[in-house]
Amino acid sequence: MKVAVIGGGILGIALSKGLAGKGHAVTLFEAGEELGGLCGSRDYGPFQWDRFYHCILPQDRTLLRWIEDLGLEGRIRWRRTGQGYWAGGTCHPMNGIGDYLRFPLLGLGGKFRLAWSVFRARLLRSPEGLHDLSARDWLVSTCGKAVYEVFWKPLLQAKFGPFADEVAAVFLWATMRRLFGARSRTDHRERLGYVSGGYAGVLRRAERDLERVSVRILKGAEVLELHEERRVSSSRRETSRPSCRVRFRGTGGIETGEEVFEHAIFTGPTPLARRIARGKLEESVRSFERNHPSGTTMLGVVNLSLVLRRRLTPFYILNLGAQDSGLTGVIELTNLLDPEEETAGLHLVHLPRYLPEEDPFFDLEDGEVFSLMFEKGIRRLFPSLERKAVVAWAVDRARRVQPLPLAGSRPGSPETSLSWKPPFQILNPSLLECATLHNDEVLRLADRFLEAGPKNGIFPPFPPTSP
Ligand SMILES: Cc1cc2nc3c(=O)[nH]c(=O)nc-3n(C[C@H](O)[C@H](O)[C@H](O)COP(=O)(O)OP(=O)(O)OC[C@H]3O[C@@H](n4cnc5c(N)ncnc54)[C@H](O)[C@@H]3O)c2cc1C
């Protein structure tokens with residue numbers, strides 16, 4: 000079958016490889032100059048690394064298998080890492096029950112209730128009922144209003160902004176379970192991994208792999224419109240079935256044009272699918288939105304990366320309690336990576352700010368973002384961090400990153416959307432019922448779709464193009 004995969008992020012790459020492996024003739028359209036989407040990399044000056052921060056958890060089996068299949072197993076590194084919580088003008092380690100019990104902003108009863116709320120989330124195996132409840136109501140019911148106000152509320156506000164009161168409990172539950180899964184069963188310390196050289200090396204290998212299985216890769220080809228049309232073969236009317244006309248704009252050597260496919264699979268964010276679907280396909284997008292409503296409320300991120308001469312904190316993640324820095328957290332990537340091996344001995348710190356996709360912060364110039372997030376952001380928390388400690392900085396933006404489940408908007412079954420539906424369908428992370436966005440889940444989506452899809456030869460040959 001002639002298939003178009005639209006979007007060359009991790010999901011599009013995995014789908015293209017799997018479909019080509021089943022004998023389909025696959026064309027992969029990617030709007031950007033390179034494959035990789037959110038996993039793409041950038042030049043920081045002294046070194047190259049991912050634009051955004053990525054870690055691997057020990058339980059990310061599908062992702063680890065994918066990296067192994069690419070022959071990169073030997074480049075996976077594991078390190079002990081830790082988390083902290085910034086409150087009351089200082090950082091507190093948050094790596095075990097003892098740390099919760101030492102947390103100074105809560106009385107003894109509050110500390111126990113906080114530890115209990117975390118432990119209870121860990122014990123809860125199924126998210127049944129957590130779709131309808133907001134994270135706020137769930138936390139208030141497990142640890143009480145006082146603990147919620149002091150500990151959880153600032154975190155929810157930093158991470159979800161205007162959605163802090165509405166985000167569904169299931170999302171927080173999934174995040175907590177994922178992070179606790181990184182803790183060793185013996186010493187309860189967090190252990191995270193990364194691929195030496197970052198995702199750039201992984202993506203290079205993945206692209207070579209696609210070429211090997213004859214996927215036609217069109218980089219710099221943005222799909223502008225998708226139309227359904229019916230193709231009829233004059234000799235075999237019975238083989239008539241709808242197909243998808245793909246109109247795309249080419250850059251960098253790719254010619255602008257249009258082409259017809261028996262099936263087009265869109266892997267980008269749902270709001271972008273809505274922009275390009277025309278005619279009958281618009282109803283497919285609406286139906287997908289009704290089934291997977293998290294894709295209509297997306298959080299984006301503006302991320303300031305700092306390359307520093309010195310270490311800032313001992314933590315991989317520093318969560319931020321009540322403060323007015325405008326930051327969502329502090330991710331010190333070189334507390335995971337080995338700086339000598341990966342970042343020219345320098346320290347790489349990411350300062351993300353999560354925002355709704357239409358927030359005007361996305362439109363600020365890089366210099367304004369730097370001034371707001373450095374001078375009025377991180378320096379409010381760490382006044383001793385001087386400008387001269389910054390060797391290089393960069394701003395990256397992604398308006399649509401995280402599909403956000405809101406309380407009361409229960410998703411439909413992903414299985415319906417994971418079944419093979421020519422001539423057009425959407426497959427993207429809004430199909431993840433409760434999990435936070437990460438590559439292991441995304442690759443599992445691709446696997447589930449490929450298992451459910453048709454085997455080579457089930458469909459009759461595509462009728463020739465009618466004049
Ligand atoms: C700040 C941040 C931190 C993260 N941390 C982690 C982590 O620690 N661990 C982890 O596993 N994951 C992490 N992730 C998530 C990870 O990056 C995503 O899971 C993954 O990149 C999603 O891949 P995707 O293919 O679904 O989407 P995307 O990467 O968004 O790819 C979609 C692609 O579609 C293309 N596209 C869209 N519209 C069109 C069109 N009309 N025509 C052609 N192409 C189009 C886009 O250009 C893009 O390349 C993080 C993400 C962010 C932003």
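Numbering that gives the first Met the number 0 puts the first residue of the sequence shown at 0, with every later residue one more than the last. The beta carbon of each residue, even a glycine, is placed where N, CA and C say it ideally should be. Keep in mind the model is a prediction, meaning the values are calculated, not measured.
Candidates the options, of which the one nearest residue i by Cα
{"i": "Pro313", "options": "Leu319, Asn334 and Gln322", "result": "Asn334"}
{"i": "Pro404", "options": "Arg188, Leu431 and Val300", "result": "Leu431"}
{"i": "Glu224", "options": "Thr250, Tyr193 and Leu280", "result": "Leu280"}
{"i": "Ile55", "options": "Asp136, Gly180 and Gly35", "result": "Gly180"}
{"i": "Val368", "options": "Val146, Gly20, Gly160 and Ser304", "result": "Ser304"}
{"i": "Tyr315", "options": "Leu326, Pro92 and Gly8", "result": "Pro92"}
{"i": "His226", "options": "Leu209, Arg378, Ala220 and Arg244", "result": "Arg244"}
{"i": "Asp446", "options": "Val2, Arg246 and Lys16", "result": "Lys16"}
{"i": "Leu345", "options": "His130, Arg64 and Pro45", "result": "Pro45"}
{"i": "Gly411", "options": "Gln424, Ser293 and Arg352", "result": "Ser293"}
{"i": "Phe373", "options": "Glu364, Leu363 and Arg386", "result": "Arg386"}
{"i": "Ile96", "options": "Trp115, Gly88 and Gly108", "result": "Trp115"}
{"i": "Val214", "options": "Pro270, Gln58, Val2 and Glu189", "result": "Val2"}
{"i": "Arg78", "options": "Leu332, Pro355 and Glu414", "result": "Leu332"}
Per DSSP, cross-strand counterpart(s) of residue i
{"i": "Ala397", "result": "Val300"}
{"i": "Leu317", "result": "Gly83 and Val329"}
{"i": "Pro355", "result": "Leu298"}
{"i": "Thr89", "result": "Ala86"}
{"i": "Ile42", "result": "Sequence inspection shows Asp at residue 42; the Ile mentioned does not correspond to that position. Answer is Gln47."}
{"i": "Ile216", "result": "Leu27"}
{"i": "Glu227", "result": "Cys243"}
For residue i, three-class secondary structure by DSSP
{"i": "Gln156", "result": "helix"}
{"i": "Ile96", "result": "helix"}
{"i": "Thr26", "result": "strand"}
{"i": "Cys243", "result": "strand"}
{"i": "Gly11", "result": "helix"}
{"i": "Val306", "result": "strand"}
{"i": "Ala181", "result": "coil"}
{"i": "Trp151", "result": "helix"}
{"i": "Trp392", "result": "strand"}
{"i": "Ser324", "result": "coil"}
{"i": "Pro421", "result": "coil"}
{"i": "Pro292", "result": "helix"}
{"i": "Lys110", "result": "helix"}
{"i": "Ser412", "result": "coil"}
{"i": "Gly6", "result": "coil"}
{"i": "Glu450", "result": "helix"}
{"i": "Leu350", "result": "strand"}
{"i": "Phe260", "result": "strand"}
{"i": "Ile253", "result": "coil"}
{"i": "Glu339", "result": "helix"}
{"i": "Val117", "result": "helix"}
CB contact flag (residue i, residue j, <8 Å)
{"i": "Arg204", "j": "Leu71", "result": "yes"}
{"i": "Phe361", "j": "Val306", "result": "no"}
{"i": "Arg308", "j": "Ala388", "result": "yes"}
{"i": "Ile12", "j": "Leu217", "result": "no"}
{"i": "Ala451", "j": "Ser416", "result": "no"}
{"i": "Arg409", "j": "Met297", "result": "no"}
{"i": "Thr435", "j": "Thr80", "result": "no"}
{"i": "Leu426", "j": "Thr266", "result": "yes"}
{"i": "Leu69", "j": "Phe51", "result": "no"}
{"i": "Val25", "j": "Leu34", "result": "no"}
{"i": "His349", "j": "Ile377", "result": "no"}
{"i": "Thr327", "j": "Lys110", "result": "no"}
{"i": "Ile253", "j": "Gln424", "result": "no"}
{"i": "Ala168", "j": "Leu155", "result": "no"}
{"i": "Ala406", "j": "Glu165", "result": "yes"}
Short CB-CB distance (under 8 Å) between residue i and chain D
{"i": "Arg50", "result": "No chain D is part of this structure, which consists of one protein chain only."}
Report yes or no: do three or more beta-carbon pairs, one from the region 332–350 and one from the region 432–447, lie closer than 8 Å?
-> no
Three or more C-beta pairs below 8 Å linking the region 169–180 and the region 317–335 | no
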